[in-house]
Each structure stands twice: as C-alpha cells, then as structure tokens.
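*Asks:*
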Amino acid sequence: MEFRLLGAVSVVTEAGGLPLGPVKRRSLLAALLLRPDSPVLVDHLTAALWEQEPPARARSVIQGHVSRLRALLVSVDAGAYGVELITQGTAYVLRMPKERVDAHRFRALVALAREQRGPAEAVTMYREALSLWRGPALADVCPSPPLQAAAQALEELRLASVEQLAASYAQLGEHGRAASVLRAEAVAHPLRESLSAALVTALHRAGRRPEALDWFHHTRRLLADELGIGPGRELADAYATALCEEADDAAIEAEATSRAATVHAAALPPLAPATFHSGGADLLPRAPRGFHGRARELAVLSRAAAGEAPVCLVTGPAGVGKTALVVQWAHRNRAGFHGGLLYADLRGFGDTGEATPAEVLREFLLALDVAPCRMPESVNGAAALFRSLAADRELLVVLDNARDSEQVRPLLPGGPRCVTVVTSRYRLPGLIVTDAARPVPVDVLTPEDGTALLAGVLGTERVLADPVAARRLAELCGGLPLALRVAAARLADRPDWALSAMNAEMLDSTRRLSLLDVEDTGIRAALRLTVRQLPEHVARHFACLGRHPGTHFDRYATAALTQTDPATAETTLERLVASHLVTETAPGRWTLHDLVRLYARGLDARPDALTRVLDHYIATALAAATVAEPGNETCVPLPPDFLAPTAVRTFTDRDDAMAWYAAERDDLVLAAAAARTAGLHSRTWRIVMLLWPLMTRWVLDDWPPLLETALEAVRADADPAAESRVRALLGWVLTEHGRSDEALTCVEPAPALSARAGDLRGEATALVVLSWAQAVLGHPDEAAEGCARAVELARKADERYIERLALYHLARYRLDTRQWQAALDTATEALAFENLPGVVIGSRVLLLTAAGEALLGLGDEPEGIRRLGSAVREAETTGYDDGAVRALTVLLRVSPDEELQARYDAAVARLTTRT
C-alpha cells in the first residue's frame, strides 16, 4: 500500500488505486499524510479544506469525510499494512509507517543524497528521489493556504534536487547530462535564475557555448519583460564565464559529434525569429493564444525528444487541448529542428473525411523541396523517399488527430535525429508495440490552470474582480480547455455580464452543453465526432451509460444498463476507454467526465435503462446483505415489476460484501435520488433500506434525511408492511442519534401498519424498536411489555432471530428495573438458541453480558464473573469492540485490575477511531 502526494493525491494497493471521492476528502487525506503518525487538529483540517470562511457545520463535514476514509481503509484491510486512522482528542492521527508516503521517501532520499561523499552515489539517490514525482505535488486538492504552502515547499525541494543532481553530473564530467536534466525544468520555470545559471554553465562546459549564450539572452529578456529587473549575480557570472572562456578543441569536437549523432535535447522557449532561423520547411500552425499550464506534459515531451523516444503519442479526450499543447511545444522547441518542422492534420475525427497517407506525404515532400515532377506515384514510393530525405535531418513531424496506428505508420520519418509527435483521441496501443511510441496522456486542467486560461482570454482584471466565480466556472467546464474557451468567448461577447451570471446559467445541467457551443465549435460537436467513429453497438451502449445515476460503474452495472452480459460490457468499456470517452479510475471501476455524461444523457438510449440499473443495485445489495448478515431474512422484497439483470455479482465473505457497500455507498445514495426524481417510488425506498448493513456499522453517519426520503417514497407506494419496516429502521437510527422523542413519534404507527398487512415479523421488529425508544425516555415497564409482545409474535411467526433479539432487549429492561432472576431467565432462554446468526453483531456477547450482570445482582459473583469473562473473550476474538466495552464495564465494577483496565482502554480506543 502506497500513499502518493507527489502528483495527484492517491492511494495505491496491489489491486490498484482506491476511489478517494470528492476533492475535500482528498484534501483531508493530504493534510493527514503531510504529518503521518502525528495528531492533526480539527482547526488545521478546517483551514486546509476551505479557502474562505468555513461553514458552520465544518466539523460535521470533516467527521463525515473521516468516516468515509476509515471505511475505505477498512475495506482494503489497511491495518495489515500498519495503517489506521484514529481520533485523538480534538485531532486525528493517520498511524502508519512514514515510508508508505512518497513525499516522505522523497525527502529521505534527498537527505541521503546530500550525505553522499561521491557524486556517483549522489546521482543514484537523486534520480531515485525524483522518479517518485508524477506531476505537481498535491495536484488535485483544495487551493487552501496550508496545502498550497506544503505543495510549494515540496516543489522547491524538487527543484533544488534537480539542481543538485545536475551539479553531481558536473562533478562526474557529464556536462551534457547535466544540461539535459536542467533544460526541461528551466523551460517550466523560466524565471528561476539559479536553474538558468546552472544550465548556461552546463551548456558551456559541454562545448555548446552558442546555446549557453542564447539561453542567457533569452532569460535576460524574460526578466526584463516580466519583472522589470536585470540578471542577478549568479546568472551574470555564468554568462561572463561562457562569454570570456574559449572552449577547448576537445569540447568543440565533442559538441560536433554529439550534434551529428543525437537528437537535439532542447526545450527552449521562443526567441527572436532571427536567432534560430534555419531555412528548413515550416508547416506548423500559429502558436495558440492564451496557452497556460501543462508544465508536466511539456517536460515529458522535451525529455522524450531529447532521445528517450523518437515517437511521442499525445492522447486525451475531445477538447482537452492536445493540439494546442503539441503546437505550443513545437514552437518553443523549433531551435532544435534545423531540418524543418512538418505538420499535418490527419482529420481522423473530422466531418470532411480523414487525410490519406498519399496526400500527407505529397505535402511533406513538397515542403522538403521535392519537385512535383519527381513525386513518386505510389504511397510506398513516396514514403520511401520521405524516409530517405529525413534520414540525416533534425526534423520534427507533428501528425495531428490520428484515427488509428495504420494511418500513422507510413508517415513516420525514421531518421535517428527525427522526432514525431502524434495526437489522437484513441490510445493507439499498436503504435506503442511496433514503434515504441512514448504515451503522453493529457488530462483536464486543474481549477487553478483553468482559471488562468480564462484570465488569458478575458483579461486578468475581469477574473480578479470575482475569482471565486472564475474558479467555479472552471469547475463547471470540467477543466476542458475547449469548454473554457467557449465559455470565455461567450463572456467576451458580453462585457457587462458577470462571471457569476454565467455560472447561474451553467448550473442548469439541461442547458450546460448548449452554453458550451459557439457556431460550429463546442463540446457537443467534438464529442459527436468521437462517437461517430464507434461501432454501432458500442455507441448504443455509450448512450445507456448516460442513464447511470452515479459517478462510477462496474461491468455488472454496465451489463444491466445495456442488457448484456458482464464480459460483453467490459469489452465495450475497454473500447470506450481507448476512445477517451470513459476513464478507468481503479481496476474494475469506470467513470464519465461530467460533460461527457451530459452529452450521453442527450442521446437516445433504452427507455428502461434507468430502471434496469436501479434493479441491478437492488439485486446486488440483496446479495451483499445476505453474505454480510447471514441468517437474517431480508427486509426488502423484490419489486413486483423487477427487471432481473443478466448476472449478479457474488461475494466471498462479509469483508468482501462490506467493501462493496463502502465503495458503492455514494452511488447507492445517488441511485435512490434518481429513482425519486423519476417517480420510481418502489425502487427509492428499497435502495435506501438495503443500506442497512452500513447503517448498523456507521449508525452515527447522516442517515436520517435519507431514511426520511425512503419513508416519503414508501408512503407514496402505499405499502403498509414496507412502511412499518422503514419506520422501524428510521426510529432505531434516530434513537442512536439521541433523538428519542422523534424516534417514538416515527415508530408508534409501525406495529399497527404491520398488523394491518399481516406481517408478524415486521410487527415484532417495530415493537422492539418502539420499546427501545420508550426505555430511553424512561418508561421501562412499557418497554418490557412491548418486548414481551414482540417475543409472542416472533414465536407465532417462527422467526427465531427476532425472538432472540426481543428476548435480549427484554432482559435489558428487566436488568434496568433490578429484576435479576427474570433478567437471568430471559437471557438464558435466548442463549439456548444455537448457531443463530443475526444482524446484531456479537448478539451472544450481549446476552452473556446480560446474564453475567443478572448473576452479579443475585449475589452469585463467581458465576457472574465467569459469564462476563466469556463475553469479553468472545468479543475480542470476533472484533466486537462495543460488546467488549459493555462486558468490561460491568466486570471492572467487581473485578478491577490493571490487565482488565488495559483491555477496556484498548477497546475504547478502537471504538473512538470509528466515531
């Protein structure tokens, strides 16, 4: 198990990444991981989760996210890795080995590198440390001051490590490698003078003095234009050294050899056109205006072009800015390609038909000064001539909007100093296999970069006038550059329109895609071209995914939506992943981008798709509940018009079932909401009720509003037996929440509803819950009477579980009124039920405790202690901490000793972590 902060915040196990949920939950995890194994105060977490004034219920929100994180960690058995999230007073502690956090390992490796006496060992350490980075630190968390400061500190340490790695290379005499390491970072941080000074020195010592001088002048101009200052002493000294010292003949010869044998390792920002004019072909489109961000992708392209890979494959969904990225990078790096810059739009996803290899090769050959009369007639001949002309050139070839690998292969130059960059909405694995293409995936922009893009189009002043609205607009656009540019175009056309007004329009999900269309450009147009390339059955299945009510789906949910089997559904999902219409967030779990989901919902799909996926959730939750709580009859029958899925997931054991519940919790809640909106009342209350295994485990979570929705739905469904069971569950939860008066009002009608429906089990259950509320409110006699009636009904219905549950509560009420013998007889009767599993975890533990307490009341202390000791041992063996605390509380009254107190404290501590 590994926790990652150096890039997007993530938790990776052997089975893949964990679904961490919304940005505030990831931010909370990040705040804990920044201080592993140390208490983090709630006040600190509040500052980390909210940029502005936190809401009044901030503490409750934090508690909810902590609860979900604990459930997620439990679902993957994090304790086996020494990872545990506990509560410590007004703070939370993520207990764990620090080595499981990549940021900690990074710092440790950097510290080791600095301690090394030899440069070779330091190089090894620094390279290992820097390999842990997968992008900007804390890339997807709340932009709050504490987290931004932590990210900046990590980034500063990374840049310092890059500089120290280069210095170690220089000590080894490997100045070319030092320059290669520094160049990509100097491009991404052009105003960091220490990087530029080191790069100027490295280039000079590598025998590449003209490049060193050019880089100095480029940086000098940037400093003057952006900051209004001149170079500092370090950069000026590096320039003076490069200017005054003559490179020796060996260095000049080494430079010439390097230029003849390797690709130019450049990532230079644009300089004055005259500086690098080569006279070669230049078919590049103009550089995009308002380009922002993408430092990681630009650096990856630069490293690949420096010799790591001759073919780069830039992939991503429609509208994510692949072409803008590549063209921007090409313009910044034109100095490294003296042989020419070739560009072709392969139109793999256009309305006008894709470009043929013949027409692209003809354009390339004409650009390389091949006369029309010498143009080969066949595609093979043209490709061969192109390869021969490219063999000795430093050539950049950009192949934009490729549909498949076959379209690309004839256009690859193949020369050792040529670099080819391909963009596609598909992953093109064939190109990776045959040509060792380096994948460069492009994802959506962060809210910060999205806001900066808006500022680049609308102007900084307009964005700064309402930065919160600007950030929200970036979020509503889903970070897609195309969507952001269309939204900015609408706002630019309406200079008096506030950004918040655009947000108000965008919040209407039925209009959002229309607002993101301008003339023939927009999200819908881009997605339409992608979907048009899909096989017909895959396109139909994609439309069905738009009916999914949640955020994630697996192959079983997809099979239910599309009325296929899970294997076919998974094949469809893989095809959609390759098209960047669907994203696989973890093994076996997929999602749609928000705007893609809205587009899919606008397509024609099976009219019963929503009902089918809701019934899939009902069937799967029933299967999970059966395994999680064996022996307990389900409280939810199937709907009369149930649409059975082709396959239902099976669960191996309780942990497996509860892990599914934890992973699907949010989507089950969304499914219930979708059912309610669609007026499918019979599905609404069933889905909510099927969450009861989670409710029993995390009863203090915010369940009442959801159960009240179920009650509203079941009353609309006019099902008195079901209404009684919903009322009973809601009443139990309200009592656990300390809202006993409301619980009593809720549950009082339930027994009569069940009686009217002839549901003896439901009536007995309702009486047990009603008696509990009565007992809490100080009416133990009424409670005992109700439980006695519940015992009779359960026996009449032959419901042994309910009978045992009612007997346990009856014993408790008799203990409360000091009826020791009656309480002992009742508990003993219930204990006689052998091998009876049930919903109350460790019910035998509770009964043993009740019997032990009754024996103590009767004066039989030895036997009472023996029963209580058995209860404690059984509770500890089964992990039932609540039962252990109850038994130990009674036992410590008569048998206080240090060992028992230590066991009590340990059980309380474990319980606290779940509160």
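The sequence shown begins at 37 in this note's numbering and counts up by one. In this text, a Cβ means the ideal position worked out from N, Cα and C, and glycines have one as well.
(1) Quick check on the burial criterion: 16 or more other C-beta atoms within 10 angstroms. Buried or exposed for residue 533?
(2) Work out the CA separation of residue 768 and residue 952 for me, nearest whole Å.
(3) Should residue 937 be labelled buried (16 or more other beta-carbon atoms within 10 Å of its own) or exposed?
(4) Specify the secondary structure class of residue 318 as computed by DSSP and reduced to three states.
(5) Suppose the cutoff is 7 Å on Cβ atoms and the five residues either side in sequence are ignored; what does the same chain contact list for residue 703 look like?
(6) Quick one: any contact between the stretch 921 to 938 and the stretch 892 to 911, if contact means 3 or more CB pairs under 8 Å?
(7) May I ask you to report which of helix, strand or coil DSSP gives residue 626?
(8) Can you tell me which of 108, 254, 121 and 329 puts its alpha carbon nearest to the alpha carbon of residue 76?
(9) In terms of residues, what are the limits of the alpha helix (DSSP H) holding residue 672?
(10) If we count Cβ pairs, one from each stretch, closer than 8 Å, do we get three or more for the stretch 532 to 550 versus the stretch 495 to 505?
(11) Touch check for the stretch 231 to 241 and the stretch 179 to 191: three-plus C-beta pairs under 8 Å?
(12) Which residue wins for smallest C-alpha separation from residue 625, given the options 464, 267, 821 and 53?
(13) With the cut-off set at 9 Å, would you say residue 261 and residue 371 are in Cβ contact?
(14) Give the C-beta separation of residue 67 and residue 41 to the nearest angstrom, bearing in mind that I take them to be a contact with Cβ-Cβ under 8 Å.
(15) If I measure Cβ to Cβ from residue 861 and keep anything under 8 Å in the same chain, skipping five residues before and after, which residues do I get?
(16) So, residue 384 versus residue 471, is the Cβ gap smaller than 9 Å?
(17) Could you check where the beta strand (DSSP E) with residue 475 kicks off and where it finishes?
(18) Which ranges would you report for the beta strand (DSSP E) in the stretch 344 to 378 if only whole runs of at least 3 residues count?
(19) How would you call residue 832, buried or exposed, if buried means at least 16 neighbouring beta carbons within 10 angstroms?
(20) With H, G and I counted as helix, E and B as strand and the rest as coil, what does DSSP make of residue 247?
(21) For residue 274, which residues from the same chain have a beta carbon less than 6 Å from its beta carbon, with the 5 sequence-adjacent residues on both sides left out?
(22) If you reduce the DSSP assignment to three classes, tell me which class residue 620 lands in.
(23) Use the C-beta contact count for residue 515: other C-beta atoms within 10 angstroms, 16 or more gives buried, fewer gives exposed.
(24) Spatial neighbours of residue 89 within its chain, please: C-beta separation below 6 Å, excluding the five flanking residues on both sides.
(25) Three Cβ pairs or more, each shorter than 8 Å: is that satisfied between the stretch 723 to 742 and the stretch 703 to 715?
(26) Counting pairs of beta carbons, one from the stretch 334 to 346 and one from the stretch 455 to 462, are three or more of them closer than 8 Å?
(27) Which of helix, strand or coil does DSSP assign to residue 557?
(28) Restricting to runs no shorter than 3 residues, where is the beta strand (DSSP E) found entirely within the stretch 913 to 940?
(29) Can the beta-carbon of residue 380 be found closer than 9 Å to that of residue 391?
(30) Where does residue 876 sit, in a helix, a strand or coil, going by DSSP?
(31) For the candidate residues 170, 161 and 175, whose alpha-carbon lies nearest to that of residue 201?
(32) Starting from the Cα of residue 465, find the closest Cα among 600, 81, 614 and 758 and give me that residue.
(33) Do three or more CB pairs link the stretch 799 to 809 to the stretch 778 to 791 at distances below 8 Å?
(34) Just curious, the beta strand (DSSP E) that residue 229 is in, first and last residue?
(35) In whole angstroms, what is the alpha-carbon distance linking residue 426 and residue 72?
(36) Check whether the Cβ atoms of residue 356 and residue 479 sit closer than 9 Å, and answer yes or no.
*Replies:* Checking against the coordinates, here is how it stands:
(1) Along the sequence shown, one-based indexing puts residue 533 at 497. Taking all protein chains shown into account, residue 533 has fewer than 16 neighbouring C-beta atoms within 10 Å of its C-beta and is therefore exposed.
(2) Any question about residue 952 goes unanswered here, given that the chain covers just 37 to 951.
(3) The residue given as residue 937 occupies position 901 in the sequence shown. Burial call: exposed.
(4) The residue labelled residue 318 in the question sits at position 282 within the sequence shown. Secondary structure at residue 318: strand, using DSSP grouped into helix, strand and coil.
(5) The residue labelled residue 703 in the question sits at position 667 within the sequence shown. Cβ neighbours of residue 703 within its own chain (closer than 7 Å, five residues either side excluded): 586, 587 and 588.
(6) Yes: the two stretches touch, three or more of their Cβ pairs being nearer than 8 Å.
(7) Counting from 1 along the sequence shown, the entry for residue 626 is found at position 590. Three-state result, residue 626: strand.
(8) As a working note, residue 76 is residue 40 in the sequence shown. The candidate whose alpha carbon is nearest that of residue 76 is 121.
(9) In the sequence shown, counting from the first residue as 1, residue 672 sits at position 636. For residue 672, there is no enclosing alpha helix (DSSP H), as DSSP gives it neither H nor E.
(10) Put simply, the stretch 532 to 550 touches the stretch 495 to 505. At least three CB pairs are less than 8 Å apart.
(11) The stretch 231 to 241 is not in contact with the stretch 179 to 191.
(12) Reading the sequence shown from its first residue, position 589 is the one you call residue 625. Here the closest residue by C-alpha is 53.
(13) Looking up residue 261 in the sequence shown gives position 225. Looking up residue 371 in the sequence shown gives position 335. Contact flag unset, no.
(14) Sequence index remark: in the sequence shown, residue 67 carries index 31 (1-based). Sequence index remark: in the sequence shown, residue 41 carries index 5 (1-based). Actually they do not touch by this definition, with Cβ atoms about 10 Å apart.
(15) Stepping through the sequence shown from its first residue, residue 861 is reached at position 825. Nothing listed; no residue qualifies.
(16) As a working note, residue 384 is residue 348 in the sequence shown. As a working note, residue 471 is residue 435 in the sequence shown. In this structure, residue 471 does not lie closer than 9 Å to residue 384 by Cβ.
(17) Within the sequence shown, residue 475 is the residue found at index 439, counting from 1. Where residue 475 is concerned, the enclosing beta strand (DSSP E) stretches over 474 to 477.
(18) Listed in chain order, the complete beta strand (DSSP E) runs (minimum 3 residues) inside the stretch 344 to 378 are 347 to 351.
(19) Mapped onto the sequence shown, residue 832 falls at position 796. Under this definition residue 832 is an exposed residue.
(20) Walking along the sequence shown from the start, residue 247 turns up at place 211. DSSP places residue 247 in helix when its eight states are reduced to three.
(21) Walking along the sequence shown from the start, residue 274 turns up at place 238. Non-local C-beta neighbours of residue 274 in its own chain, meaning closer than 6 Å and more than five positions away in sequence, comprise 233, 236 and 237, ordered along the chain.
(22) Residue 620 sits at position 584 when you count from the first residue of the sequence shown. Residue 620: strand per DSSP, three-state reduction.
(23) Here residue 515 is taken as the residue at index 479 of the sequence shown, counted from 1. Answer is buried; the Cβ neighbour count reaches 16.
(24) For the purposes of this step, residue 89 is taken as residue 53 along the sequence shown, with counting starting at 1. Cβ neighbours of residue 89 beyond the five flanking positions: none.
(25) Pairwise C-beta distances place the stretch 723 to 742 in contact with the stretch 703 to 715, as three or more of them are shorter than 8 Å.
(26) Output reads yes: the stretch 455 to 462 touches the stretch 334 to 346.
(27) The residue you call residue 557 lines up with position 521 of the sequence shown. Assignment of residue 557 by DSSP, reduced to helix, strand and coil, places it in the strand class.
(28) For the stretch 913 to 940, not a single whole beta strand (DSSP E) run of length 3 or above is found.
(29) Against the sequence shown, residue 380 aligns to sequence position 344. Against the sequence shown, residue 391 aligns to sequence position 355. Yes, they are a contact pair.
(30) Against the sequence shown, residue 876 aligns to sequence position 840. Interpretation of residue 876 is limited by its pLDDT of 45, a score under 50 that renders its predicted location unreliable; the figure taken from the coordinates is listed afterwards. In this structure, residue 876 counts as coil in the three-state DSSP scheme.
(31) For the purposes of this step, residue 201 is taken as residue 165 along the sequence shown, with counting starting at 1. Comparing Cα positions, the closest option is 161.
(32) Walking along the sequence shown from the start, residue 465 turns up at place 429. The option with the nearest alpha carbon to residue 465 is 614.
(33) With the cut-off at 8 Å, the stretch 799 to 809 and the stretch 778 to 791 touch.
(34) Counting from 1 along the sequence shown, the entry for residue 229 is found at position 193. Not the beta strand (DSSP E): residue 229 falls in the alpha helix (DSSP H), residues 229 to 241.
(35) Looking up residue 426 in the sequence shown gives position 390. Looking up residue 72 in the sequence shown gives position 36. If I take the Cα positions, the gap works out to 54 Å.
(36) The residue labelled residue 356 in the question sits at position 320 within the sequence shown. The residue labelled residue 479 in the question sits at position 443 within the sequence shown. In this structure, residue 479 lies closer than 9 Å to residue 356 by Cβ.
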